[in-house]
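Heads up: the structure comes next, in structure tokens.
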Amino acid sequence: MNRKFSLIITVLCIFLNSAFSQVKTLTLGGKDGWPHLQKMDGVVIGNGKFGYDAVVLATNSRQADEFTDILLDFENGSSQDITGQYAITKDSMIISGDDPVMGKASGLSRGNGGVRFRGSRNTIFGRTGSCGSFTIEFWLNPSIAENGEIVFSWRSSRTVANYPLYQMITAAFSGNRLQWSFENVFNGYVDNDGEISLSSYRTIVPDKWMHHAISFDQETGLLEYRINGLLESLKYVTTNSHETGGSIYIPYMGVPADIDICPQYTGLIDDFRIQRTSKSDEARSVRMETYRTSGGRFETEPIMISAGSRLKSIDALVTVPSQTDVEFYVRSGDNYFGWTDTEPAWIPVRNRREIENVKGLYFQVAADLLTDGNAKKTPAVTELKINYEEVPSPLPPFDLRAIAGDGEVTLSWPYSVDDSVGGYYIFYGEHPGEYLGRTAAEGASPIDAGSVTSVTLTGLTNGKIYYFAVSSYSRFDGRIMGDLSREVFARPNRR
36 MNRKFSLIIT VLCIFLNSAF SQVKTLTLGG KDGWPHLQKM DGVVIGNGKF GYDAVVLATN
96 SRQADEFTDI LLDFENGSSQ DITGQYAITK DSMIISGDDP VMGKASGLSR GNGGVRFRGS
156 RNTIFGRTGS CGSFTIEFWL NPSIAENGEI VFSWRSSRTV ANYPLYQMIT AAFSGNRLQW
216 SFENVFNGYV DNDGEISLSS YRTIVPDKWM HHAISFDQET GLLEYRINGL LESLKYVTTN
276 SHETGGSIYI PYMGVPADID ICPQYTGLID DFRIQRTSKS DEARSVRMET YRTSGGRFET
336 EPIMISAGSR LKSIDALVTV PSQTDVEFYV RSGDNYFGWT DTEPAWIPVR NRREIENVKG
396 LYFQVAADLL TDGNAKKTPA VTELKINYEE VPSPLPPFDL RAIAGDGEVT LSWPYSVDDS
456 VGGYYIFYGE HPGEYLGRTA AEGASPIDAG SVTSVTLTGL TNGKIYYFAV SSYSRFDGRI
516 MGDLSREVFA RPNRR
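All residue numbers for the sequence shown refer to this note's numbering, where the first residue is 36 and numbers rise by one.
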């Protein structure tokens with residue numbers, strides 16, 4: 036009966052230990068959000084399934100660079116210039132989250148003044164002198180396109196031969212078209228009383244986003260106006276009005292004066308930017324692309340699970356509109372220090388498919404989000420479950436005995452019933468549950484006893500009580516240690 040009972044207990048323990056090796060799951064996203072992302076390139080947190088946050092593509096917003104004079108993206112709940120080079124002197128603009136073309140917000144003007152800026156001495160409109168090449172660009176979604184609606188305005192003056200010369204740059208609606216006017220801006224240009232006008236060829240449609248860009252190239256004298264990247268009008272501001280054979284009239288700014296954005300305009304505006312360069316290649320490539328054609332990418336932090344773990348699969352809750360895609364990658368290692376963008380190599384995996392030969396203490400998951408051919412749609416990753424299998428912690432010996440001797444204690448135990456055991460650690464110390472011993476000649480606690488079942492610790496102090504416990508470690512990975520056995524004690528003595 037005792038032998039049968041012992042066999043039942045042994046089988047039960049083995050069964051319970053094997054149950055511990057079942058696949059476990061770590062969940063990112065979902066109700067807990069995405070706090071463990073290490074890299075977000077071209078992606079942002081947006082709306083996912085069931086009202087949860089999801090990783091989606093970022094819109095193709097304009098960015099500030101070394102050529103940026105001013106940039107308003109309205110993303111931080113204000114009309115501030117994100118370069119910090121222009122200060123607001125008047126602000127009637129409303130920040131709107133309804134139907135933005137880029138990012139999560141745009142500026143809403145109700146025709147009551149818009150926003151006015153004063154530039155620093157390093158800006159185009161904050162100093163007197165030649166400004167060279169420039170580009171003024173923005174996205175516009177007018178509620179109406181009536182005559183007299185003004186989107187941009189700058190008024191100043193300069194003195195030429197002791198005679199005051201008034202200057203003006205405006206972008207205003209006329210006959211359902213947006214017209215740009217430059218008065219006495221180009222130094223030496225006197226035709227048409229010094230005024231140059233460029234008007235859109237197409238009519239401006241209310242309640243529709245369109246990208247407007249007017250640029251001047253000081254190398255060629257070309258002043259051109261484009262909508263959605265398509266040429267609307269151009270003029271060579273040269274002495275012969277041609278690209279070659281004439282001298283170029285360079286724009287010259289007079290007394291520093293404020294610029295007004297949407298002073299008499301009703302509708303939405305987004306990503307207003309002035310560049311100190313013509314950027315003609317970029318202006319010609321502008322299309323109604325809501326997202327970057329190259330897509331975006333996110334990477335998790337290196338996630339520590341347990342030594343020897345094996346990645347089984349990833350189970351992602353994704354939304355993939357037609358012609359979009361999400362591609363997943365994983366990598367692993369026992370130490371993530373020294374990891375680079377490419378080492379260890381990323382391994383492509385498929386959602387909800389078995390993953391082979393990916394093991395380690397640390398795992399990292401990445402995903403590329405890809406838009407459609409027209410760059411109008413975004414996939415979304417709402418939740419990411421990482422399924423992995425841990426190497427089971429081995430069972431400790433069921434019994435432990437301690438016999439005191441002269442300056443020593445002999446410990447003995449039966450083999451663990453767990454066949455995954457590779458050896459045993461001996462823990463010892465001078466207080467119950469505190470195994471901080473350092474005096475034994477065999478070494479400090481814990482001592483690797485190997486696969487034996489009896490060890491004598493020497494060099495102990497007679498008359499002092501010591502406490503002991505033994506644990507098993509895995510034959511698959513010596514770093515994986517199981518629970519401690521029951522605690523025993525002994526007091527060495529000369530008898």
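From the three backbone atoms N, C-alpha and C, an ideal C-beta is built for every residue, glycine too.
Residue pairing for V353: DSSP places it in a beta bridge opposite V416.
Judged by beta-carbon spacing, A351 lies beyond the 9 Å limit of L265, meaning their Cβ atoms are not closer than that value. With fewer than three CB-CB distances shorter than 8 Å, the region 267-279 does not count as touching the region 194-202. As far as DSSP is concerned, Y300 takes part in no beta bridge. Runs of the beta strand (DSSP E) lying entirely within the region 141-223 and spanning at least 3 residues, in chain order: 141-145, 150-154, 169-177, 185-195, 198-209, 212-218. In the structure shown, N497 falls within a coil segment according to DSSP collapsed to helix, strand and coil. A contact between stretches requires three or more CB pairs, one per stretch, nearer than 8 Å, and the region 497-507 meets this requirement with the region 462-470.
Note on G468: under 16 other CB atoms within 10 angstroms of its CB, so exposed under the neighbour-count rule. Under the Cβ criterion (8 Å, minimum of three pairs), the region 379-394 does not count as touching the region 429-436. When secondary structure is reduced to three states using DSSP, N422 falls in the strand class. Scanning its chain for C-beta atoms nearer than 7 Å, with the 5 sequence neighbours on each side dropped, one finds around D483 the residues G458, Y460, in chain order. When C-alpha distances from A89 are compared across F333, N386, L471, S191, the shortest belongs to F333. For I231, DSSP records a beta bridge to F217.
By the CB criterion at 9 Å, N219 and M203 fall inside the cutoff.
Put simply, the backbone Cα of V225 is about 17 Å away from that of L233. Leaving aside the five residues that flank G112 on each side, the residues in its chain whose CB is nearer than 6 Å to its CB run, in chain order, I130.
A distance below 9 Å separates the beta carbons of G138 and A93. In the three-state reduction of the DSSP assignment, K74 falls in the strand class. When only Cα atoms are considered, L471 and A479 end up about 8 Å apart. Going by C-alpha positions, A206 is about 4 Å away from W215. By a beta-carbon distance limit of 8 Å, G289 contacts R193. Their separation comes to about 3 Å. In this structure, the beta-carbon distance from N82 to D134 does not fall below 9 Å. S268 and L258 have their alpha carbons spaced roughly 9 Å apart. Only residues of its own chain outside the window of five on either side were considered, and among them S428, L430, P431, S506 have a CB closer than 8 Å to the CB of D518, listed in chain order. With a cutoff of 9 Å on beta-carbon distance, F511 and S455 are scored as near each other.
Around T103, the same chain offers T118, R308, I309, Q310, R311 as residues with beta carbons nearer than 8 Å, after the five sequence neighbours per side are excluded. I304 places its beta carbon less than 9 Å from that of S144. In the three-state reduction of the DSSP assignment, K139 falls in the coil class.
Taken through DSSP and simplified to helix, strand or coil, D295 comes out as strand. Counting other Cβ atoms within 10 Å of its Cβ, Q399 reaches 16 or more and is therefore classed as buried. The residues T124, R151, F152, R153, in chain order, have a CB closer than 7 Å to that of D293 in the same chain once the five nearest residues on each side in sequence are set aside. Ranked by Cα distance from S367, the options D306, W174, R530, N392 are led by N392.
Looking at the DSSP output, H247 shares a beta bridge with F173, I262. Taking T496 as the centre and dropping the five residues before and after it, the same chain places the C-beta of G442, T474, P527 closer than 8 Å to its C-beta, in chain order. When rounded, the separation of the alpha-carbon atoms in S520 and E424 is 25 Å.
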